[in-house]
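Participant:
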Amino acid sequence: MRLEHRTDGTRRTLASDVEVVDSFLSRARGLMFRRSVPDDYAMVFRFDDADTRDLHMAFVPFDIDAVWVVGSEVVETKRLRAWRGVGAAVADTVMELPAGAAADVEVGDTVRVVE
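Here it is as structure tokens:
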């Protein structure tokens, strides 16, 4: 499983180590209490419908890039700072990647999980 970014006819793998979290407990825990994640890692939160999805960085000791997606279209991206970052947007999928991994992902691009 990998996370693929498409823009202007080009494709790029954002992550090849993808963890999909879909239970209440795994969503609530997210990246909390982890010391780090590999450079090619992404945590993907999938939901049944598009709604406001909030992220917080409590107990996460490293920065991340967050990507909010509806369908496969990016609707928001944000760098979240360790311990204190917060973000929210309407999405049916939210992706968390190491800081810098989604630096060139922009609103309107396509990002999807390829199985």
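In the numbering used here, the protein residues as written are 112 to 226. Ideal placement from N, C-alpha and C gives every residue a C-beta, glycine not left out.
Identify the residues that DSSP records as bridge partners of residue 153: which are they?
Facilitator: Counting from 1 along the sequence shown, the entry for residue 153 is found at position 42. Per DSSP, 129.
Participant: I'd like to know whether the C-beta atoms of residue 192 and residue 154 end up nearer to each other than 8 Å.
Facilitator: Counting from 1 along the sequence shown, the entry for residue 192 is found at position 81. Counting from 1 along the sequence shown, the entry for residue 154 is found at position 43. Taking 8 Å as the Cβ cut-off, residue 192 and residue 154 do not qualify as a contacting pair.
Participant: Determine the direct distance from the alpha carbon of residue 131 to that of residue 200, and round the result to whole angstroms.
Facilitator: The count along the sequence shown starts at 1 and reaches residue 200 at position 89. The count along the sequence shown starts at 1 and reaches residue 131 at position 20. For residue 200 and residue 131, the distance between alpha carbons rounds to 19 Å.
Participant: Quickly, what does DSSP pair residue 220 with across the bridge? List them, please.
Facilitator: Sequence index remark: in the sequence shown, residue 220 carries index 109 (1-based). None; residue 220 has no bridge partner.
Participant: In this structure, does DSSP put residue 158 in helix, strand or coil?
Facilitator: Counted from its first residue, the sequence shown places residue 158 at position 47. Correct three-state label for residue 158: strand.
Participant: Could you give the C-beta distance for residue 188 and residue 157, rounded to a whole number, given that I count them as a contact under 8 Å?
Facilitator: By 1-based counting over the sequence shown, the position of residue 188 is 77. By 1-based counting over the sequence shown, the position of residue 157 is 46. No, residue 188 and residue 157 are not in contact; Cβ-Cβ is about 18 Å, not under 8 Å.
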